[in-house]
Amino acid sequence: MKTVKTLLLKIMLLKIMFFCLTLSFSNLVLAVQTEKEIKITDPSKVVVIVNRDSNDIAFMDIETNALIGSVFLGKNVNPHMAMMSRDGRWVVTGGTRANKAYIIDVATLTLVKEIPVDFAPEHLAFSPDGRYYYQGNPDGDSVSVIDMATLVEIKRIHGFAEPLNITFTPDGSKAYVGNYGAHWVGVIDVTRHELLKKIHVGRTPGIAALDPGRYLEEIKGISNVSISNDGRYLYAADGDLGIVSVIDSREDKVVKIIRVGADPWRAYMSHDGRYAVVANNGDETVSFIDTRKNEVVATLESGPDMMGINFAADKAFVISSSSGFLYVYDMKTLKPAGRIKIGLNLQIETATTDTAGQKIYLASSTDHSVYIIDGVTEAVTRVADVGLYPWGTHILDSKDNYCH
Amino acid sequence: MIHTNKTRNRSNNIVLLALLTISASMPAFAQTQENEALLKRISELEQRLIELETNTVLSDPETRVKRIEVFVDDNGIEHETQVPGSQKVVTYQRERFYRRQTINERIEDALANAESRNVQLGVDAAIVLQSVQQNKGAKTPADGSIYQLASTDIYFTAGLAQNTLFFADIVGLSGTPQDADTDELAQTNGYGARLVQQNDLSLREAWLMTELWDQQLSLTVGRVDLTNYFDANAAANDETTQFLSDALVNNPALGLSENGAGMALVYDPKGIFSIKAGYQQSTRAATSLSDSFYKLVEVDYRANPFQLGEGNYRVWYRQDNTGTGLSAYGISFDQKITANTTAFTRYGNNEAEGETGDDIHYSAGVRFNNGLGFNPEDAWGIGYAGSELANNDEEHLLEGYYNLRIAEKLQLSFHLACLTEKMANAGTTTYIVPGTRLQASF
Chain A
1 MKTVKTLLLK IMLLKIMFFC LTLSFSNLVL AVQTEKEIKI TDPSKVVVIV NRDSNDIAFM
61 DIETNALIGS VFLGKNVNPH MAMMSRDGRW VVTGGTRANK AYIIDVATLT LVKEIPVDFA
121 PEHLAFSPDG RYYYQGNPDG DSVSVIDMAT LVEIKRIHGF AEPLNITFTP DGSKAYVGNY
181 GAHWVGVIDV TRHELLKKIH VGRTPGIAAL DPGRYLEEIK GISNVSISND GRYLYAADGD
241 LGIVSVIDSR EDKVVKIIRV GADPWRAYMS HDGRYAVVAN NGDETVSFID TRKNEVVATL
301 ESGPDMMGIN FAADKAFVIS SSSGFLYVYD MKTLKPAGRI KIGLNLQIET ATTDTAGQKI
361 YLASSTDHSV YIIDGVTEAV TRVADVGLYP WGTHILDSKD NYCH
Chain B
1001 MIHTNKTRNR SNNIVLLALL TISASMPAFA QTQENEALLK RISELEQRLI ELETNTVLSD
1061 PETRVKRIEV FVDDNGIEHE TQVPGSQKVV TYQRERFYRR QTINERIEDA LANAESRNVQ
1121 LGVDAAIVLQ SVQQNKGAKT PADGSIYQLA STDIYFTAGL AQNTLFFADI VGLSGTPQDA
1181 DTDELAQTNG YGARLVQQND LSLREAWLMT ELWDQQLSLT VGRVDLTNYF DANAAANDET
1241 TQFLSDALVN NPALGLSENG AGMALVYDPK GIFSIKAGYQ QSTRAATSLS DSFYKLVEVD
1301 YRANPFQLGE GNYRVWYRQD NTGTGLSAYG ISFDQKITAN TTAFTRYGNN EAEGETGDDI
1361 HYSAGVRFNN GLGFNPEDAW GIGYAGSELA NNDEEHLLEG YYNLRIAEKL QLSFHLACLT
1421 EKMANAGTTT YIVPGTRLQA SF
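Each protein sequence line maps, in turn, to chains A and B.
Numbered according to this note's numbering, the first sequence terminates at residue 404, and the numbering increases by one at each position without gaps.
Numbered according to this note's numbering, the second sequence terminates at residue 1442, and the numbering increases by one at each position without gaps.
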């Protein structure tokens, strides 16, 4: 009996030893995995590049223009927009064709989490305290709320109509959502993550009844809600209505409707907050709205297919996607100041501006490059082969971080 | 001691039992977790499959032809970077990439691609109905008469090469403008200026345009209408949507009554200045271009004085060697006063054939748009034009219009003009000319 007991005890001890060994080995592997090489020590010194067709996020050194590395997200992911968290720890992006949000650890350039969200995630925003990452899902008509502490989608807010862009108020209490498939702005209560209100930006002209095709065939609503520097007013351009509605964020109501050119895409706020510059793709003009008077003070000729506006060295640089030109305007005199040819047969996309407000980093999709434009000299430097079909760029704390 | 041993044995047994229980339950627990994870995964995959089948094209990698620059050495070997003795060569290469498009996106791309290769067709049609009431001067046949003119332009546009475009405009006009009955100097129906032959189709324009020097210089050659390039005005330059009277469409001092073979050069660096130059044959009666050589230059300046909106200021000069060889100069300004209001003015001075003095033409007015109407895209305006000729004839015209945008492609406008003719030998005649214009473009 004693022998049997001794034998059983020995077997048990062996099992325990094996279990402990396995556990130690697993921990060892985990430790080896987590101790990855630190590739980025200063997140403010990198340009984040979204490569749509190579399905990765690339990181470029802002001082040497050398690629530090890239993070592959998976085949057919097609990332759309990337943004860095305010503390520089994470880069997040929505994979439009994978219906997922991706979280990248910036220091080690590691993909740490894939989070299933709704259909076709595109544009996104962080709450000012960095706690929440709101991911817009235009085809799902929803906004996913991702808790950055747990990296989990804690809520999916429904009820939007093609939500394209999300703008938080500076105090983080509310988020405004531009609905491209409607003519209203959604207001989210960030405390409860609930759609609180729908702000109607303007009425469809009565004559629309005689021209139903124009308003029924395709809708061009609100792509973005741009916020003034003090957070008091929001500027919502509506493509079909040809207006920019000014919303008072304290009362959440439209206080003024400003008529601009045809098919305005969105308003871009100048760095000093003095002007909201609107790209009107319908008549290929840009409207300059004086934010002190909330009036159009200049409407100037521009180019076709405007995808973005950046500000540097007291100038506005308007990206004319299909023409391959940047149209330049003097922000002091509000006069045209020439245009910069980026290249022939190029499709240029969107850009970001460095925190000094001097250099613009422009994604050029069809030649897989990023072009760096010096705002003062207007000299252009090409950084080739950054990935396939670069779609957008991002710099931490830049005032011109946007997508299209 | 025995007790102690017994106690120890019992303790050992309890520990053994506990360990055996844990040992036995661990695989079962792990199995349950694994099953749950698998079920969750299957559920996610099923969801993904539904999404794929309903929204996307199957995930075959796509191919795209890419324009690349390579370096070719003397032996014809291609290098990605420059090596000694190599030359940079532009070539094309296929690349594979993983972009999944929806079926709709693929169809849209294919349609857009096909469309870009086709000849584009556009139509601009207008019907102008006017009546004339004479309230001063000797009666003319125009008094109490109604006039109608129908015009249709058919446009053809085709992209031929990089930044190179072909354009043709065939126009047909039918009807009777009142100009013959009223003896007016400038026509109160600008469409009448285009009437060459009743009910006939005529080629108004046919030209080839290319852009050079980073698209800063555009060169247009063919049968051209130089008034499309010169003497432009944001508020008074288009008889299809703005004023109807010809004096408020073009400066009469331009003296260009018909289109002809010629060329237009426009240098526009997209700054505050642009320069234009052009020539054309000014009369079809001429047997050669040398016999009827009409030359025109213009400088445009863009400004926003006194913190007003944008303004366009143009100065031009022209010469025409037809007949005795006459020259003229003029200005055309338009200035946005507010976001809704644009003021304009023109002045022109041309040498008068057979006279010692010059003909003088001037006009001014204002246009309101951007919401200052019944509908947001409506526009209206009031303009005045005067001509004082070297032979002492005078004409004064006041016109107001309201352009109602019925639909994106359809507009109806209402016009009221008051025309006063002061002929040196025939006294003063005044006409009131109400009218409507229905215009469609698509």
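Cβ atoms here follow ideal geometry from the backbone N, Cα and C, with glycine treated the same way.
(1) Enumerate in chain order the residues of its own chain whose CB-to-CB distance from B/F1374 is below 8 angstroms, with the five nearest sequence positions on each side excluded.
(2) For B/L1398, which residues from the same chain have a beta carbon less than 6 angstroms from its beta carbon, with the 5 sequence-adjacent residues on both sides left out?
(3) If we ignore side chains and look at the alpha-carbon of each, how far apart do B/A1142 and B/S1174 end up?
(4) What residue does the alpha helix (DSSP H) around A/L234 start on, and which one ends it?
(5) At what residues does the beta strand (DSSP E) containing B/E1388 begin and finish?
(6) Would A/T377 be called buried (16 or more neighbouring beta carbons within 10 Å of its own) or exposed?
(7) So, is A/N345 buried or exposed, given that buried needs 16 or more other C-beta atoms within 10 angstroms?
(8) Please tell me whether A/I247 and A/Y233 are closer than 8 angstroms, where the distance is taken between their beta carbons.
(9) At a Cβ threshold of 8 angstroms, is B/R1437 touching chain A?
(10) Taking the alpha carbon of A/P121 as the reference point, which residue from A/S127, A/P128, A/M81 and A/D230 has its own alpha carbon closest?
(11) Here's the rule I'm using: 16 or more other beta-carbon atoms within 10 Å means buried, otherwise exposed. How should A/V29 be labelled?
(12) Out of A/V48, A/T108 and A/A98, point me to the one whose CA is closest to A/K36's CA.
(13) Under 6 angstroms Cβ to Cβ from A/S364, same chain only, skipping five residues before and after it: list those, please.
(14) Taking the C-alpha atoms as reference points, what is the distance between A/E295 and B/E1408?
(15) Any idea what DSSP makes of B/D1214, helix, strand or coil?
(16) Which one or two residues does DSSP pair with B/R1367 in a beta bridge?
(17) Check the Cβ of A/D56 against every Cβ in chain B and list those closer than 7 angstroms, keeping chain order.
(18) Whole-angstrom Cβ separation of A/M306 and A/A316, contact assumed at under 8 angstroms?
(19) Measure from the C-beta of A/E295 to each C-beta in chain B and report whether the shortest distance is under 8 angstroms.
(20) Quick one: grab the DSSP three-state call for A/A82.
(21) Tell me the rounded alpha-carbon separation between A/V255 and A/W391.
(22) Examine chain A for any beta-carbon lying closer than 8 angstroms to the beta-carbon of B/I1272, and answer yes or no.
(23) Who are the near neighbours of B/Y1362 in its chain, counting only those whose CB is closer than 6 angstroms to its CB and skipping five residues on each side?
(24) Unbroken alpha helix (DSSP H) runs of length 4 or more, entirely within the stretch 1143–1188 of chain B: which are they?
(25) Just the C-alpha distance for A/I40 and A/A237, rounded to the nearest angstrom, thanks.
(26) Using the Cβ count rule (16 or more neighbours within 10 Å means buried), how would you classify A/L362?
(27) Could you name the residues of the same chain whose beta carbon sits closer than 7 angstroms to that of B/E1310, not counting the 5 residues immediately before and after it, in chain order?
(28) In the stretch 1248–1276 of chain B, which residues sit with their C-beta less than 7 angstroms from some C-beta in chain D, listed in chain order?
(29) How should B/W1213 be labelled, buried or exposed, when 16 other C-beta atoms within 10 angstroms of its C-beta is the threshold for buried?
(30) Under three-state DSSP, which class holds B/K1336?
(31) Which residues mark the beginning and the end of the alpha helix (DSSP H) in which A/I395 is found?
(32) Do A/L124 and A/G94 have their beta-carbon atoms positioned less than 8 angstroms apart in this structure?
(33) Return yes when the Cβ of A/V260 is within less than 8 angstroms of the Cβ of A/I243, no when it is not.
(34) A/D272 versus chain B: which residues are under 7 angstroms apart at the beta carbon?
(35) By the 7 angstroms beta-carbon criterion, what residues does the stretch 1355–1386 of chain B contribute toward chain A?
(36) Among the candidates A/T110, A/A98 and A/P170, whose CA atom is the shortest distance from the CA of A/P128?
Considering the structure as presented:
(1) L1404
(2) Y1384 and C1418
(3) 18 angstroms
(4) From DSSP, A/L234 is part of no alpha helix (DSSP H) but of the beta strand (DSSP E) over Y233 to D238.
(5) A1379 to E1388
(6) exposed
(7) exposed
(8) yes
(9) no
(10) A/M81
(11) Since pLDDT at A/V29 reaches only 42, below the 50 mark, its modelled position is unreliable, and the value read off the structure follows with that caveat. Under this definition A/V29 is an exposed residue.
(12) A/T108
(13) L346, I348 and Y371
(14) 26 angstroms
(15) coil
(16) B/T1342 and B/G1381
(17) Under the 7 angstroms cutoff, chain B gives no residues; its nearest Cβ is about 10 angstroms from A/D56.
(18) About 11 angstroms; that fails the 8 angstroms criterion.
(19) yes
(20) strand
(21) 35 angstroms
(22) yes
(23) Y1347 and G1386
(24) 1179–1182
(25) 38 angstroms
(26) buried
(27) R1302, N1304 and K1336
(28) Among the chains of the structure shown, chain D does not appear; the protein chains present are A and B.
(29) exposed
(30) strand
(31) Here A/I395 belongs to no alpha helix (DSSP H), and DSSP marks it neither H nor E.
(32) yes
(33) yes
(34) What A/D272 touches in chain B: nothing, since even the nearest Cβ is about 17 angstroms away.
(35) N1370, G1371, N1375 and P1376
(36) A/P170
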